[in-house]
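J.:
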Amino acid sequence: MPLSPEEEEAIRREFEASRKSGHEEKAADQGPQFFEQSPKSNIQHVVGVVSGKGGVGKSLVCGMLAVELKRRGYRVGILDADLTGPSIPKMFGLSGVHATAWDNLLMPSETVGGIKIMSANLVLENETDPVIWRGPVVAGALQQFWSQCAWGDLDFLLIDMPPGTSDVALTVFQSLPIEGIVIVSTPQDLVQMVVGKAVKMAAMMDIPVFGIVENMSYVECPDCGKRIEPFGPSKLAETAELYGIDVLGRLPMTGDFARMCDCGAIETALPEDLLPDAVLKIETVAAFFDDANSTD
Ligand SMILES: Nc1ncnc2c1ncn2[C@@H]1O[C@H](COP(=O)(O)OP(=O)(O)OP(=O)(O)O)[C@@H](O)[C@H]1O
Ligand SMILES: [Mg+2]
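Sequential numbering of the sequence shown, starting at 0, is according to numbering that gives the first Met the number 0.
(1) Determine the DSSP secondary structure at K25, reduced to helix, strand or coil.
(2) Evaluate A197 with the Cβ neighbour count: other Cβ atoms within 10 Å of its Cβ, from every protein chain shown; 16 or more gives buried, anything less gives exposed.
(3) Identify every residue that forms a DSSP beta bridge with C262.
(4) Let me know the secondary structure DSSP gives S94 once reduced to three states.
(5) Going by CA-CA distance only, name the one from S94, K199, G53, V190 that's closest to T110.
(6) Quick one: does the C-beta of K69 sit closer than 7 Å to a heavy atom of ligand 2?
(7) Output the distance between the C-alpha atoms of D276 and N120, rounded to the nearest integer angstrom.
(8) Helix, strand or coil for E35, going by three-state DSSP, please let me know.
(9) Rounded to the nearest angstrom, how far is the Cβ of E178 from that of A285, given a contact under 8 Å?
(10) Give the single residue among V60, R74, A100, E67 whose Cα lies nearest to the Cα of S86.
(11) DSSP three-state label for P251, please.
(12) Using 10 angstroms around the beta-carbon of V181, count the other beta-carbons present and answer buried if the total reaches 16, otherwise exposed.
(13) When you compare only the Cα positions, how much space is there between K82 and A257?
(14) State yes or no: is the C-beta of D154 within less than 8 Å of the C-beta of S118?
(15) According to DSSP, is G62 helix, strand or coil?
(16) Buried or exposed for V66, going by 16 or more other Cβ atoms inside 10 Å?
(17) Have a look at I265 and L141 and give me their C-alpha separation to the nearest angstrom.
(18) Quick one: Cα of L169 to Cα of E271, how far?
(19) For Y217, report the span of its beta strand (DSSP E) as first-last.
(20) I'd like the list of long-range same chain contacts for L104, defined as Cβ closer than 7 Å, with 5 residues on each side in sequence excluded.
(21) Comparing the CB of K52 with every heavy atom of ligand 2, is any distance shorter than 7 Å?
(22) Give me the Cα-Cα distance between V171 and C223, rounded to the nearest whole angstrom.
(23) Which class does Q187 belong to by DSSP, given the choice of helix, strand or coil?
(24) With a threshold of 7 Å (Cβ to nearest heavy atom), would G263 be considered close to ligand 2?
(25) Report buried or exposed for A202, applying the criterion of at least 16 other Cβ atoms within 10 angstroms of its Cβ.
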């Protein structure tokens, strides 16, 4: 549903305020914690995709948003910050691919459709090798994926966050200029509670929440098209209201999505226009920042 003029104005005000007190100050305040972009990167907008807990479809939603933004003509990248459970390369058919380096900078791998990707799986010798890095090494890897990676010109860099409110999530929130986050959930009660953790963490870090996507929300009967809700009635509206955040869409549980991810075919097999409200929100906020920057 398109945003009303009042909603647009409210977002504009909210982001103007956060822009003024936000990124520049954050960079100055947090000194070395704030990662600098590499000299070969020109990234305009950074959006995180998070969830309170694992396995809810965060990587799927991150991949979907990237594909949809790319289809709309934007230059898009994904930084897979889920270092211990990276799944983005496989979803995009980059299993077994290794990132290269040039002039001391990592080069992101590119999907068939031209989405740039950096992930721990692209730098491991073997993608089934476990990542058993300790905290400082993890933070170092994230820094390399941001500061020592030649991303080139990107309109959007999406960050597939590790599940939950871990140390890595904290490092990403503190160190990268995240414009906002999309929260992914499923319809169980437990998930509603952990959504609260993600919302509160974002608030503590001064990061705007774009809204919430409910994944595995329903199953569509292949014969009559009736929607069945295997986890019980959707909690989306209730959760959004509870935490004062926007609803950005519902996705069905379907074998098509699971197969698409398993076969690395998300770019080619994804149906058109699946999360229009989420994409619109990302575009709208980005346009506000662009306007604000052009009038500085
Ligand atoms: N709507 C859906 N319908 C069917 N399968 C789905 C759906 N969403 C996700 N899956 C499948 O569930 C599994 C978990 O999804 P995904 O990897 O996106 O979750 P995640 O939240 O990123 O998990 P993790 O916390 O481990 O990073 C994948 O195999 C994916 O293909
Ligand atoms: Mg994941």
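Just so it is clear, CB atoms sit at the ideal spot from N, CA and C, and this is done for glycine as well. Just so it is clear, the structure is predicted and the values come from calculations on it, not from any experiment.
T.: In terms of the structure at hand:
(1) For the purposes of this step, residue 25 is taken as residue 26 along the sequence shown, with counting starting at 1. Residue confidence is low: K25 scores 48 on pLDDT, short of 50, so the model does not pin down where it sits. No coordinate-derived value is stated.
(2) For the purposes of this step, residue 197 is taken as residue 198 along the sequence shown, with counting starting at 1. So A197 ends up on the buried side.
(3) Numbered from its first residue, the sequence shown carries residue 262 at position 263. Residue pairing by DSSP leaves C262 without any beta bridge partner.
(4) As a first step, residue 94 must be located in the sequence shown, where it is residue number 95. Residue state, collapsed to three classes: coil.
(5) Position 111 of the sequence shown, counting from 1, holds the residue named residue 110. The shortest CA-to-CA distance from T110 to any of S94, K199, G53, V190 is the one to S94.
(6) As a working note, residue 69 is residue 70 in the sequence shown. At a cut-off of 7 Å, the beta-carbon of K69 does not count as near ligand 2: no heavy atom of the ligand is closer than that.
(7) In the sequence shown, the residue the question calls residue 276 occupies position 277. In the sequence shown, the residue the question calls residue 120 occupies position 121. Rounded to whole angstroms, D276 and N120 show a C-alpha spacing of 31 Å.
(8) By 1-based counting over the sequence shown, the position of residue 35 is 36. Three-state DSSP puts E35 in coil, outside helix and strand.
(9) Along the sequence shown, read from residue 1 onward, the residue named residue 178 stands at position 179. Along the sequence shown, read from residue 1 onward, the residue named residue 285 stands at position 286. The distance from the Cβ of E178 to that of A285 is about 7 Å, consistent with a contact at the 8 Å cut-off.
(10) For this step, residue 86 is matched to residue 87 along the sequence shown. Residue V60 is the option with its Cα nearest to S86.
(11) Your numbering for residue 251 matches position 252 in the sequence shown. The answer is strand: DSSP assigns P251 an E or B state.
(12) Sequence index remark: in the sequence shown, residue 181 carries index 182 (1-based). V181 should be labelled buried.
(13) Position 83 of the sequence shown holds residue 82. Position 258 of the sequence shown holds residue 257. Residue identity check: residue 82 is Leu in the sequence provided, not Lys. The straight-line gap from Cα to Cα measures roughly 21 Å.
(14) Sequence index remark: in the sequence shown, residue 154 carries index 155 (1-based). Sequence index remark: in the sequence shown, residue 118 carries index 119 (1-based). Not closer than 8 Å, so no.
(15) Position 63 of the sequence shown, counted from the start, is the residue given in the question as residue 62. Assigned with DSSP and collapsed to three states, G62 falls in helix.
(16) Residue 66 sits at position 67 when you count from the first residue of the sequence shown. Around the beta carbon of V66, 16 or more other beta carbons sit within 10 angstroms, so the residue counts as buried.
(17) Residue 265 sits at position 266 when you count from the first residue of the sequence shown. Residue 141 sits at position 142 when you count from the first residue of the sequence shown. Separation of I265 and L141 (C-alpha to C-alpha, rounded to the nearest whole angstrom) is 25 Å.
(18) Sequence index remark: in the sequence shown, residue 169 carries index 170 (1-based). Sequence index remark: in the sequence shown, residue 271 carries index 272 (1-based). Distance between the alpha carbons of L169 and E271: 33 Å.
(19) On the sequence shown, position 218 is the one that residue 217 refers to. Looking at the DSSP string, the run of the beta strand (DSSP E) that includes Y217 is 208-219.
(20) The residue given as residue 104 occupies position 105 in the sequence shown. Cβ-Cβ distances below 7 Å link L104 to S37, K39, Q147, C148, A149 in the same chain, with the five nearest sequence neighbours on each side left out; the list follows chain order.
(21) Within the sequence shown, numbered from 1, the residue matching residue 52 stands at position 53. No, the beta carbon of K52 sits no closer than 7 Å to any heavy atom of ligand 2.
(22) On the sequence shown, residue 171 is found 172 positions in, with the first residue counted as 1. On the sequence shown, residue 223 is found 224 positions in, with the first residue counted as 1. One C-alpha to the other measures close to 44 Å.
(23) Here residue 187 refers to the residue found at position 188 when the sequence shown is read from its first residue. DSSP places Q187 in coil when its eight states are reduced to three.
(24) For the purposes of this step, residue 263 is taken as the residue at position 264 of the sequence shown. With a threshold of 7 Å, the Cβ atom of G263 does not count as near ligand 2, since no heavy atom of the ligand is closer than that.
(25) Taking the sequence shown and counting its residues from 1, the one referred to as residue 202 is at position 203. Counting Cβ neighbours within 10 Å, A202 comes out exposed, since fewer than 16 surround it.
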